[in-house]
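Residue numbers (the working numbering): 162 to 756. By construction, the Cβ of each residue, glycine as well, lies at the ideal position given by its N, Cα and C atoms. Just so it is clear, the structure is predicted and the values come from calculations on it, not from any experiment. Worksheet: the structure to be examined is printed underneath.
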RNA sequence: GCCCCCGUAGCUCAAUGGAUAGAGCAGUGCUCUUCUAAGGCAUUGAUGAGGGUUCGAUUCCUUCCGGGGGCACCA
């Protein structure tokens with residue numbers, strides 16, 4: 162990575178010039194203004210305190226020291242004391258060559274080797290239709306998993322399905338109540354829909370009649386105690402719902418999950434935890450029989466492990482989950498991609514786990530995201546009737562994409578497939594381009610926009626560049642070798658010609674900026690993972706695309722007369738399109754060759 | 001009542017304590033005999049209010065104003 166190379170150089174220069182100074186973390190960032198170079202650092206400003214020297218003077222000395230390097234054309238010391246680095250064209254050119262040589266490896270690293278990171282996301286509930294409020298977890302979690310994998314981490318995903326708990330009491334009660342009617346009726350047609358209806362109807366009844374809630378809770382207690390009838394119904398309900406879940410995950414194009422440990426999986430692992438908690442004095446049994454952990458002194462209220470009716474809680478099941486995951490996977494991090502509204506729960510969870518001396522308590526973290534709200538305000542919920550089903554959104558996305566294709570590129574061969582990629586790409590990118598923690602507003606025309614800073618813009622940029630490559634290859638004398646049109650054959654041809662060039666290419670500012678942006682790809686992934694937010698990568702890809710389009714527009718490539726230049730341009734096009742495709746992949750978005 | 005988060009352009013969003021606060025949408029004006037106009041170019045426009053910390057604050061602290069969320073023996 163270029164940035165770390167510069168960091169190292171600065172560190173060395175500081176050590177050489179000011180041996181007595183404690184090595185501080187050197188910050189290197191990308192300045193907003195192009196005139197400020199490709200990278201800049203504020204070390205001199207930070208050092209001035211410790212050294213009791215004028216920051217400008219320090220910057221001056223450092224810049225002289227660093228100017229030796231052939232890596233830069235210029236290292237300047239400016240105004241308050243910034244150091245601005247201008248990467249030499251030759252260096253950029255070499256970096257491009259290394260990308261071309263091994264495009265598969267660009268953006269990959271082995272930093273995470275030997276580290277297992279658990280990522281939990283897409284925690285669907287039984288009998289509740291996945292709606293747009295649910296997809297943030299899936300989209301963010303999936304992107305994080307992809308990013309972790311690209312850096313060599315052993316990333317393990319788990320859906321943690323909500324297949325246990327009081328909601329089953331509600332479902333069971335509703336199911337039995339609807340009984341006569343339902344059992345005779347064929348519900349094989351849309352069993353999930355039936356189930357959902359049962360849930361909603363029973364929920365409404367419970368709202369009217371508090372006594373019914375008690376009956377529902379009793380049904381869950383019976384289930385948890387092993388009542389055969391309830392078990393049987395439960396198994397059926399879970400089966401039907403899991404089908405729905407797989408369907409949704411599939412349609413969203415999520416990476417396969419490594420684990421599907423629903424909450425019910427932890428059923429037999431909870432008793433020991435309760436006993437241990439009581440024994441250690443962490444938890445106590447209160448008068449009505451409930452088992453709680455009192456965290457009121459820490460401002461975390463009371464955490465309930467066992468309810469007064471004897472049933473387990475979500476919290477207790479999550480405790481068991483931590484224990485299981487640590488034992489099974491010995492994770493380095495255990496991440497929960499869950500709505501910010503559950504942060505109170507996770508604070509309780511991690512605190513109780515810590516009090517119980519659980520291994521992995523400290524490594525468990527809530528990767529919270531802002532919830533999705535509607536333009537008129539208010540969260541999206543199934544009960545409030547404001548839920549827009551995932552299915553509906555995806556259908557709409559594909560329809561809109563198909564309409565645009567019909568208009569812009571009616572001859573497109575695999576229009577259906579591309580509509581899917583583009584519609585889904587718009588939806589995912591919309592989500593991922595926001596900071597993870599910020600709430601996002603769901604507005605159809607924004608979510609499914611295909612213009613401006615959107616997924617389709619990135620896909621489009623990629624497709625146009627690919628189109629150039631296809632044409633270049635088909636006109637190329639060696640095109641027979643590239644018949645299959647694979648990336649490898651393309652890049653082999655390009656590479657052969659690029660490495661033949663001995664002269665230094667003179668770059669114009671647009672090409673230079675594009676190249677300088679291109680080589681930051683690994684840094685964008687690193688920065689995104691540092692805050693567990695894919696939006697950093699999304700923002701980077703957008704910038705790359707903007708510069709790619711700038712280049713596309715100003716530089717005719719196929720008609721370039723100077724053969725060396727043309728080869729260089731093609732190499733650049735190849736590298737940029739490769740990074741776009743790869744970056745989109747890391748966000749879980751497909752990049753069609755044509756659109 | 002207690003706890004958490006958020007107030008940036010007309011709208012939706014960016015900005016590890018840094019330089020002239022970036023984008024997109026919407027608006028206005030250009031741009032397709034030229035590698036895909038889902039594009040490109042130009043242009044209008046913003047840090048809720050007051051204190052503090054420091055070389056430097058959208059960012060950290062504090063008060064106020066405004067908005068949202070949580071404090072379920074739901075998940």
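Query raised in the report: Which residues in the same chain have their Cβ closer than 7 Å to the Cβ of residue 621, if we skip the five residues on either side of it in sequence?
Result: The sequence position of residue 621 within the first chain is 460, counting from 1. Around residue 621: 756.
Query raised in the report: Around the Cβ of residue 545, are there at least 16 other Cβ atoms within 10 angstroms (buried) or fewer (exposed)?
Result: One-based indexing of the first chain puts residue 545 at position 384. Bear in mind that a pLDDT of 49 at residue 545, under 50, signals an unreliable position, so the number given afterwards is only what the model happens to contain. That one is exposed.
Query raised in the report: Cβ atoms of residue 748 and residue 695: under 8 Å apart, would you say?
Result: Translated into positions along the first chain, residue 695 becomes position 534. Translated into positions along the first chain, residue 748 becomes position 587. Yes, these two residues count as a Cβ contact at 8 Å.
Query raised in the report: Which residues in the same chain as residue 176 place their Cβ atom closer than 6 Å to its Cβ, once the five residues preceding and following it in sequence are excluded?
Result: Counting from 1 along the first chain, the entry for residue 176 is found at position 15. Hits under 6 Å: none found.
Query raised in the report: Under a three-way DSSP split, which group does residue 214 fall into?
Result: What you label residue 214 is simply residue 53 of the first chain in a count that begins at 1. Coil, per DSSP.
Report task. To the nearest angstrom, report how far apart residue 411 and residue 586 are at their CA atoms. Result -> Within the first chain, residue 411 is the residue found at index 250, counting from 1. Within the first chain, residue 586 is the residue found at index 425, counting from 1. Cα to Cα, the separation comes out at about 14 Å.
Requested in this report: In the DSSP assignment, find the unbroken alpha helix (DSSP H) run with residue 758 in it and report its ends.
Outcome: With the chain covering only 162 through 756, there is no way to say anything about residue 758.
Query raised in the report: What is the DSSP secondary structure of residue 622, counted as helix, strand or coil?
Result: By 1-based counting over the first chain, the position of residue 622 is 461. In the structure shown, residue 622 falls within a helical segment according to DSSP collapsed to helix, strand and coil.
Requested in this report: For the alpha helix (DSSP H) holding residue 588, just list the boundary residues, first then last.
Outcome: Taking the first residue of the first chain as position 1, residue 588 is located at position 427. Run containing residue 588: 576-593, per the alpha helix (DSSP H) assignment.
Query raised in the report: Does the beta-carbon of residue 680 have 16 or more other beta-carbons within 10 angstroms, so that it is buried, or is it exposed?
Result: Translated into positions along the first chain, residue 680 becomes position 519. The residue in question, residue 680, is buried, as its Cβ has 16 or more Cβ neighbours within 10 Å.
Query raised in the report: Which residue spans inside the stretch 302-389 form an unbroken alpha helix (DSSP H) run of at least 4?
Result: Within the stretch 302-389, the complete alpha helix (DSSP H) segments at least 4 residues long are 327-345, 352-369 and 371-385, listed from N- to C-terminus.
Query raised in the report: In three-state DSSP terms, what is residue 720?
Result: By one-based count along the first chain, residue 720 stands at place 559. Here residue 720 sits in coil by DSSP.
Requested in this report: Determine the DSSP secondary structure at residue 179, reduced to helix, strand or coil.
Outcome: Counted from its first residue, the first chain places residue 179 at position 18. In the structure shown, residue 179 sits in coil (DSSP, three-state: anything other than H, G, I, E or B).
Query raised in the report: Does the beta-carbon of residue 693 have 16 or more other beta-carbons within 10 angstroms, so that it is buried, or is it exposed?
Result: As a first step, residue 693 is located in the first chain; it is residue number 532 there, counting from the start. When all chains shown are included, residue 693 counts as buried.
Query raised in the report: Taking the alpha carbon of residue 466 as the point to measure from, which residue in 445, 484 and 460 has its own alpha carbon closest?
Result: The sequence position of residue 466 within the first chain is 305, counting from 1. Ranking the options by Cα distance to residue 466, first place goes to 445.
Query raised in the report: What distance in whole Å lies between the Cβ atoms of residue 686 and residue 268, which are believed to be in contact at a cut-off of 8 Å?
Result: Numbered from its first residue, the first chain carries residue 268 at position 107. Numbered from its first residue, the first chain carries residue 686 at position 525. The Cβ separation is near 6 Å, so the contact holds.
Requested in this report: Look at the alpha carbon of residue 712 and the alpha carbon of residue 404, and state the distance between them as a whole number of angstroms.
Outcome: What you label residue 712 is simply residue 551 of the first chain in a count that begins at 1. What you label residue 404 is simply residue 243 of the first chain in a count that begins at 1. Roughly 47 Å between the two C-alpha positions.
Query raised in the report: Candidates 615, 398 and 201: which alpha carbon is nearest residue 242's?
Result: Position 81 of the first chain, counted from the first residue, corresponds to residue 242. Measuring from the Cα of residue 242, the nearest candidate turns out to be 201.
Query - Contact under 8 Å by Cβ, residue 498 with residue 305 - result: Position 337 of the first chain, counting from 1, holds the residue named residue 498. Position 144 of the first chain, counting from 1, holds the residue named residue 305. The Cβ atoms of residue 498 and residue 305 sit closer than 8 Å to each other.
Query raised in the report: Okay, do the stretch 431-440 and the stretch 381-392 touch, 3+ Cβ pairs below 8 Å being the bar?
Result: no
**Report entry** Contact the stretch 374-381 vs the stretch 323-336: 3+ CB pairs below 8 Å
**Finding:** yes
Query raised in the report: Rounded C-beta distance between residue 187 and residue 172? I'm assuming under 8 Å.
Result: Position 26 of the first chain, counted from the first residue, corresponds to residue 187. Position 11 of the first chain, counted from the first residue, corresponds to residue 172. Indeed, because the Cβ distance is near 6 Å, the residues count as touching under 8 Å.
Query raised in the report: Between residue 537 and residue 584, what straight-line distance do the alpha-carbon atoms span, to the nearest angstrom?
Result: In the first chain, the residue the question calls residue 537 occupies position 376. In the first chain, the residue the question calls residue 584 occupies position 423. Roughly 24 Å separates the two Cα atoms.
Query raised in the report: If you draw a straight line from the C-alpha of residue 226 to the C-alpha of residue 734, how long is it?
Result: Here residue 226 refers to the residue found at position 65 of the first chain. Here residue 734 refers to the residue found at position 573 of the first chain. The straight-line gap from Cα to Cα measures roughly 35 Å.
Query - Integer Cβ distance of residue 557 from residue 593, believed to fall under 8 Å - result: Reading the first chain from its first residue, position 396 is the one you call residue 557. Reading the first chain from its first residue, position 432 is the one you call residue 593. About 19 Å; that fails the 8 Å criterion.
Requested in this report: Reducing DSSP to helix, strand and coil, say where residue 147 ends up.
Outcome: The question about residue 147 has no answer here: the residues shown for the chain are numbered 162 through 756.
Query raised in the report: Rounded to a whole number of angstroms, what is the C-alpha to C-alpha distance between residue 302 and residue 372?
Result: Here the question's residue 302 lines up with position 141 in the first chain. Here the question's residue 372 lines up with position 211 in the first chain. If you take the alpha carbons of residue 302 and residue 372, they lie about 39 Å apart.
Requested in this report: Ignore the nearest five residues each way along the sequence and tell me which others in residue 419's own chain have a CB closer than 6 Å to its CB.
Outcome: Locating residue 419 in the first chain gives position 258, where the first residue counts as 1. Correct list, in chain order: 317 and 318.
Query raised in the report: Helix, strand or coil: which one does DSSP assign to residue 712?
Result: On the first chain, residue 712 is found 551 positions in, with the first residue counted as 1. Shown here, residue 712 sits in a helix according to DSSP, grouped into three states.
Query raised in the report: Can residue 313 and residue 272 be called in contact, C-beta distance under 8 Å?
Result: Along the first chain, read from residue 1 onward, the residue named residue 313 stands at position 152. Along the first chain, read from residue 1 onward, the residue named residue 272 stands at position 111. Taking 8 Å as the Cβ cut-off, residue 313 and residue 272 qualify as a contacting pair.
**Report entry** Collapsed DSSP secondary structure at residue 509 in the structure displayed
**Finding:** Here residue 509 is taken as the residue at index 348 of the first chain, counted from 1. Residue 509 falls in the helix class under three-state DSSP.
Query raised in the report: Does the beta-carbon of residue 672 have 16 or more other beta-carbons within 10 angstroms, so that it is buried, or is it exposed?
Result: Sequence index remark: in the first chain, residue 672 carries index 511 (1-based). Buried: at least 16 other Cβ atoms inside 10 Å.
Query raised in the report: So, helix, strand or coil for residue 678, using DSSP?
Result: Looking up residue 678 in the first chain gives position 517. In the structure shown, residue 678 sits in a helix (DSSP, three-state: H, G or I).
Requested in this report: Enumerate in chain order the residues of its own chain whose CB-to-CB distance from residue 719 is below 7 Å, with the five nearest sequence positions on each side excluded.
Outcome: As a working mapping, residue 719 is identified with position 558 in the first chain. These residues qualify, in order along the chain: 629, 632 and 633.
Requested in this report: Report the partner residues of residue 602 according to the DSSP bridge assignment.
Outcome: Here residue 602 refers to the residue found at position 441 when the first chain is read from its first residue. Its beta-bridge partners are 534.
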